[in-house]
Structure formats: structure tokens, C-alpha cells
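S.K.:
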Amino acid sequence: MAELPHKGEQTFRGIPVSAGVCRGKIVVLDHSRPSIGSRQLTDTELDEEVNRLEKSLVQTRHQILDVQRRVSQAMGAAEGSIFDAHLLVLEDRTLLDEVVRVIREKKVNAEYAFHSVAERYAASLAAIEDDYLRERATDMRDVTTRVLNNLLGLEHETDLRNLKEPCIIISRDLTPSNTAQLDKRMVLGFATDVGSKTSHTAIIARSLRIPAVVGLGNACARLESGQYALLDGFNGIIIVNPTDQTLWEYGQLIRKQVTLQEKLRDILFKPAVTLDGHHVFLSANIESSAGTEAVKANGAEGVGLFRTEYLFLNRDQLPTEEQQYAAYSEAARELKPMPVVIRTLDLGGDKLLAHLPLPRELNPFLGWRAIRFCLEERDLFREQLRAILRASAEGNVKMMYPMISGLDELSKANALVDEYKEELRKENVPFNEQLEIGAMIETPSAVIIAESLAKRLKFFSIGTNDLIQYSLAVDRMNEKIAHLYEPTHPAIVRLIKATVDAAHRHQVWVSVCGEMASDPVLAPLLLGLGVDELSVSPPLVPPVKFLIRRLKLSEAKALADFALECESAGEILARCQELARQSAPSLFEDK
Ligand code: PEP
Ligand code: MG
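The opening residue of the sequence shown carries number 664 in this note's numbering; numbering runs sequentially from there.
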């Protein structure tokens, strides 16, 4: 949607996905595909054509693995694992068998067959009202373009590598692989016509810290390369031909951001202590041992959640016990004496392995995932538990189980830990006999039996991402019902309070490692409810700490008391915003 508030100035509004402001010349990418003509083949040419297709698939697979490796090294395993979805397209037998059938039955060239079949699949995915499936269409088109370029002997993505000067990229869509290869010196920011907050492209933009706006609608067709524009990634706006007044206003915003960054740098290595002297344990969430750098650089006090599944997602085969031991012990050694809480494998839901396909399920988030999966896949679980136990000899390692929904799961998992401890003792392999074990509290049933769990565990880590989805029955991946996904819902406030109370009756430590802890607006509510630790995404440690240092625990407690009595999610949120803005106004000056 475009408006014309000033002569010459045009504003395009989309969805903000990566914070920051930039300005410069825009480059509109023309993503028209190479034209694919059909060529009639003779019977004798058909085998060779299928051969050519298979070679291009192998070539494409190598290219994707190469991009994946580079992205993982530069940005971490979580971002690299995004390309698992691309590899899955290349393994989709239904799609590939149909392409071969079209080549053989219609006697046409591989390019034409592949393009027509893949485009039909992508178009039907794109037409479904579901952001997740629409993203799969983008993945499919990304892979299709690679395969076609390989069949046609063309280079891939030359346009983005040949940028001559710093610019803002405008495109109908940017694939995750386009985005991962952006050169930060040349790309000031980017904007796309399509996309959502949960898209892989958005995740990579945030991790690269490139300002970005998606979901602009039809900006691509209305803009031209060479125009001058300002991109506001805080509010999701592109302003073409900005007036002097607009530039001045944005100059103010940028100055405020620079001042804020300086303020955040000042407190980087100071403790997270409230104005009335309460120390909050502020740790970080990581996905690989490489993440420990960001933990230290952002002044966190340890790792409150090591999501080990990313070690499994980003590869062709399962990691061995030795490979896992290397990763866990490296993190433990790097951060010693700071704690590193390693979560056992949380596969399933939206985290699937390309090389270990789980059966298709109607409700994967309610299905065979996390601890349920591990308790059945004994060999896999044994290797992981042994690796974690061994790493516990190398630093301050703790371990926790995901998705615990009943005592039985906890007893079974603990029995396995005891068995593997005994094995290691017999092998004379060192481990920490006192290794502390905790559980994620992320199902309503875990909250209800929190008292029983607390008697058997050393700590809880509340996974609000899942606790909210399961308690409110709102799929965390579904944009359509995103407005119902309310962290300040009175039920969530009361569930957190019940968990904390049960834990503290048994001297059990309580952390929150879901995204709620990373939000400076919501963190005071958690502290007021009595949570001992917040474990947040590493770049968000400084802003959360900044807020804690400007807050009184007594104010947070008053907020929590209000929230526990209140019957409206909206009113609780408004109070949270009020307290956060009053305590640290400079954190909220980007709007
Ligand atoms: C959570 O559910 O809040 C959590 C931290 O786990 P994940 O996001 O990995 O499911
Ligand atoms: Mg979870």
C-alpha cells in the first residue's frame, strides 16, 4: 500500500523483521527466470536426458551443502539448518519421479519437465493460506532455480555478488540462500514484497543484523533501480525520495540508536542487579559450541539453554558420541566456571531431520517428539547422554529434559542416566557424579505436577514458547492465529506463578528460556513472579540487562500482583509496557 504524504515522497508499509535504519540507492532485482523452452526428444535420447537430470540434482546438492557449510560457519548451525528444507526438496521422490515420468512419457527435455512439475507444486503450496507452507514454496523455487541453472549451465545469483556500490535491495522475494550470501558491505538493507516474521529469510536478516522489511505487497513493481530511499526496519517502512524533514526525523532516530548502543556497551560487563539490589541471573540460549563467543561478548553469565538438536539437523548423518562430546565439552571449557545447561534432544514439531525422516503426523507438535522420541530411540539417546555425562567432567555442565509431560518420562530418563553412569564408571571414564538434572516446564501437565517434579529435580526451565502454545491451544507457527498467542494471558501468568511457587517450596531454581524472557517489556513480569534466571538470545542480553538495572524488584512484584488479579491479557500487557517504558525509555525510542 503506498501513500503520497509529500510531493515526491512515497511511503511503502510492510512487516518489520530486522531492526535498524539505512538509506541509499535502491536496486530492484529482476528475478525473472531463464526462459525454459520445450524440446522434443527421440526415444534414444531419453535415458541420457534422465541422466542429465540426475547429474544436475547431485550438482545442486553439493552447492546447497556448500552454502550450508559456509552459512553455519559464519552464522551458526541454526541458520545453516535452514538449508535442510532445500535438501529435502532434492530428496522428494514424488516430485522427482514425476519429472522423470514427464521426460519419458512426453519425451521432453529435463529443464522443461523439471520446471513445469516443480512450478505446479510450488504454485499449489503458495496458494495455501498458511505462512509455513508458503515458505516451503519459496524453498522449492530456490531449489528449482538452482537445478535449472545447472541444467542450462548458468551461474547462480550472479546479480547479488556483482553489486558495485552500497545499496538497498528491493525484490519480490529473497530466498534464504540469496540472503545468506549478502555482502554486508554492499547491502545496506533489503525489502521484499512477500514474506513473514517467521520466514527463514527474516531469521537470517536478524542474525546478520541487516535492516529488513518484508510483506510490502507490490513495491517491487512500483520502484526503480537508482531511486533514493530510506528503510526503517524498526517499523517496517520504506520511504522513497524522503523529504529533508523526513531525513531530519530519521537522523534523530539514528542518533538515539547510537546513544542507546553506547549505553548498552557501558553496562555490558556489569551485573544484572535491580535498583533495590536484587541480582537476576541472566544467561543466554545457544545452538552450537560456536555460540559461546556471543555469550561472552554480550556479557551473559552462562548458558541457560543449549539447543542440541541443531547439532543433529545440520548434517548428513547422526553425530556420534565423540562428535557430541567434542561440542558439549568445548562449550563447557570455553565458559568454565559459568554454567552450561545442555538440553537433551528436542527433535520433532518443526525440527525435522533430513536423514532421519520421522513418520508424517497430523499434529507434529503433539506427536512423537523430544523426550518421547528419545525414550524409544535408545541408541541415539544413549550416545547423547554419555556425551553429556563425559562433558560434565570438563566444566560446569547441567542437563535438562525437554517436553516432560509426566513423572513416568522423568523416571525412565533418570534410570537411563543411572545406567550410563554405571557404564562410564566401569570404563573409568570421568564425569561429574553430582551432575544437576532439571526439566523444561512447557506443558500444562508439567505445571500441574510441578510439586512432584520439584521433589526429583534440581532446577526448572520454563519454555514459554511451547507452554503458551499448549496452554492456549494456539499453534506457535501459525500467523493466522498469531493474535491469540498472548504471553500475558492471565492463564499463562498463573501457570508461571504456580511453577515458581512449587519449585521454591523445594528449593528448586527456576529459569525462563522461552522468547518471553528476551522481551524487555515482559521480563519484569517474570521477575515479579519470582523467576530466578532469564535465559535470552545473546544479542538481547544487553537490553534486558539495561532494563533490569533500571528497575526495582518491588515494582516488578507490584506488576505481578496486579497481573495475578487481572482478567485481561490486554490490560496486563499495557501495565508491562508502562513499567518498561517508565524504567528505560531509551529502549523504546524507535517507534
Ligand atoms: C520453549 O518452548 O520455550 C523453548 C525454549 O524451547 P524451543 O523454543 O526450542 O521449543
Ligand atoms: Mg520448547
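Ideal Cβ placement from N, Cα and C applies to all residues, glycine included. Computed from a predicted structure; not experimentally measured.
1) Can at least three beta-carbon pairs, one atom from the region 711-725 and one from the region 801-810, be found at a separation below 8 Å?
2) Helix, strand or coil for Ala1219, going by three-state DSSP, please let me know.
3) Is the separation between the beta-carbon of Ala854 and that of Ala868 shorter than 8 Å?
4) Run the CB neighbour count on Arg1049, radius 10 Å, all protein chains shown included, and call it buried at 16 or more, exposed below.
5) Pick from Gln1170, Asn1026, Asp1009 and Asp1164: whose alpha carbon is nearest that of Gly1126?
6) Thinking C-beta only, is Leu931 closer than 8 Å to Pro1202?
7) Could you give the residue range of the alpha helix (DSSP H) that holds Trp1031?
8) Any idea which residues DSSP pairs Met849 with across the strands?
9) Quick one: Cα of Glu1082 to Cα of Met1062, how far?
10) Nearest to Ile873 by alpha carbon, out of Val684, Arg764 and Leu1087?
11) Helix, strand or coil for Phe1122? Go by DSSP, reduced to three states.
12) Assuming Gly858 is part of the alpha helix (DSSP H), what are its boundary residues?
13) Compute the Euclidean distance between the alpha carbons of Phe1094 and Gly967, then round it to the nearest angstrom.
14) Is Pro1248 helix, strand or coil when you go by DSSP?
15) For my contact list, Ser951 and Leu974 are in at a C-beta cut-off of 8 Å; report their separation, rounded to the angstrom.
16) Please classify Ser1174: does DSSP put it in a helix, a strand, or coil?
17) Can you tell me the Cα-Cα spacing of Glu1178 and Asn1128, whole angstroms?
18) For the beta strand (DSSP E) that Ser939 lies in, which residues bound it at each end?
19) Contact defined as beta carbons within less than 8 Å: I believe Ala1243 pairs with Pro1187. What is the distance between those atoms, to the nearest angstrom?
20) Roughly how many angstroms separate the alpha carbons of Glu1096 and Arg1088, rounded to a whole number?
21) Among Glu1230, Leu1236, Gln1245 and Glu1218, whose alpha-carbon lies nearest the alpha-carbon of Asp608?
22) Per DSSP, what kind of secondary structure is Gln924 in: helix, strand or coil?
23) Find out if the Cβ-Cβ distance for the pair Leu814, Ser719 is shorter than 8 Å.
24) Do Leu981 and Leu1043 have their CB atoms nearer than 8 Å?
25) Please list, in chain order, all residues of the same chain as Ala781 whose beta carbon is under 7 Å from its beta carbon, the five residues on each side excluded.
26) Return the chain-ordered list of same chain residues with a C-beta closer than 8 Å to the C-beta of Arg1213, the five sequence neighbours on each side being excluded.
27) Could you tell me the distance, in whole angstroms, from the CA atom of Leu923 to the CA atom of Asp760?
28) With a CB to CB cut of under 6 Å and the five nearest residues on each side skipped, what residues in its chain are close to Ala740?
29) Could you give the distance in angstroms between the alpha-carbon of Thr674 and the alpha-carbon of Leu893?
M.R.: Judging by the given coordinates:
1) yes
2) Counted from its first residue, the sequence shown places residue 1219 at position 556. Secondary structure at Ala1219: helix, using DSSP grouped into helix, strand and coil.
3) On the sequence shown, position 191 is the one that residue 854 refers to. On the sequence shown, position 205 is the one that residue 868 refers to. No, these two residues do not count as a Cβ contact at 8 Å.
4) Sequence index remark: in the sequence shown, residue 1049 carries index 386 (1-based). Arg1049 comes out buried.
5) Within the sequence shown, residue 1126 is the residue found at index 463, counting from 1. Taking only the C-alpha atoms, the option nearest Gly1126 is Asp1009.
6) Start at 1 with the first residue of the sequence shown, and residue 1202 comes out as number 539. Start at 1 with the first residue of the sequence shown, and residue 931 comes out as number 268. No.
7) Position 368 of the sequence shown holds residue 1031. Counting along the chain, Trp1031 falls outside any alpha helix (DSSP H), and DSSP gives it neither H nor E.
8) For the purposes of this step, residue 849 is identified with residue 186 of the sequence shown, where counting begins at 1. The partner list for Met849 (beta bridge, DSSP) is empty, contrary to what the question assumes.
9) The count along the sequence shown starts at 1 and reaches residue 1082 at position 419. The count along the sequence shown starts at 1 and reaches residue 1062 at position 399. So the two alpha carbons sit approximately 16 Å from each other.
10) One-based indexing of the sequence shown puts residue 873 at position 210. Of Val684, Arg764 and Leu1087, the residue nearest in Cα terms is Val684.
11) Counting from 1 along the sequence shown, the entry for residue 1122 is found at position 459. Note: Phe1122 maps to strand in three-state DSSP.
12) Here the question's residue 858 lines up with position 195 in the sequence shown. The continuous stretches of alpha helix (DSSP H) do not include Gly858, and DSSP gives it neither H nor E.
13) The residue labelled residue 1094 in the question sits at position 431 within the sequence shown. The residue labelled residue 967 in the question sits at position 304 within the sequence shown. C-alpha separation (whole angstroms): 20 Å.
14) For the purposes of this step, residue 1248 is taken as residue 585 along the sequence shown, with counting starting at 1. Helix, per DSSP.
15) In the sequence shown, the residue the question calls residue 951 occupies position 288. In the sequence shown, the residue the question calls residue 974 occupies position 311. 7 Å between Cβ atoms; contact.
16) The residue labelled residue 1174 in the question sits at position 511 within the sequence shown. Reduced to three states, the DSSP call for Ser1174 is strand.
17) Residue mapping note: residue 1178 aligns to position 515 of the sequence shown, counting from 1. Residue mapping note: residue 1128 aligns to position 465 of the sequence shown, counting from 1. Distance between the alpha carbons of Glu1178 and Asn1128: 6 Å.
18) As a first step, residue 939 must be located in the sequence shown, where it is residue number 276. The question names Ser, but residue 939 in the sequence shown is Asp. Counting along the chain, Asp939 falls outside any beta strand (DSSP E), and DSSP gives it neither H nor E.
19) What you label residue 1243 is simply residue 580 of the sequence shown in a count that begins at 1. What you label residue 1187 is simply residue 524 of the sequence shown in a count that begins at 1. With 8 Å as the limit, Ala1243 and Pro1187 qualify as a contact, their Cβ atoms being about 6 Å apart.
20) Position 433 of the sequence shown, counting from 1, holds the residue named residue 1096. Position 425 of the sequence shown, counting from 1, holds the residue named residue 1088. Straight-line Cα distance between these residues: approximately 10 Å.
21) In the structure displayed, the chain extends from 664 to 1254; residue 608 sits before or after that span and is not available.
22) In the sequence shown, residue 924 corresponds to position 261, counting from 1. Reduced to three states, the DSSP call for Gln924 is helix.
23) Sequence index remark: in the sequence shown, residue 814 carries index 151 (1-based). Sequence index remark: in the sequence shown, residue 719 carries index 56 (1-based). Yes, the pair counts as a contact, with Cβ atoms nearer than the cut-off.
24) To locate residue 981, count along the sequence shown from 1; it is residue 318. To locate residue 1043, count along the sequence shown from 1; it is residue 380. The answer is yes: Cβ separation under 8 Å.
25) What you label residue 781 is simply residue 118 of the sequence shown in a count that begins at 1. Result list for Ala781: Leu758, Met803 and Thr807, in chain order.
26) Residue numbering aside, residue 1213 sits at position 550 when the sequence shown is read from its first letter. Leu938, Ser1246 and Ala1247.
27) Sequence index remark: in the sequence shown, residue 923 carries index 260 (1-based). Sequence index remark: in the sequence shown, residue 760 carries index 97 (1-based). Distance between the alpha carbons of Leu923 and Asp760 is about 56 Å.
28) Taking the first residue of the sequence shown as position 1, residue 740 is located at position 77. Glu950, Ser951, Tyr973 and Asn977, listed in sequence order.
29) For this step, residue 674 is matched to residue 11 along the sequence shown. For this step, residue 893 is matched to residue 230 along the sequence shown. Answer to the nearest angstrom: the Cα atoms are 10 Å apart.
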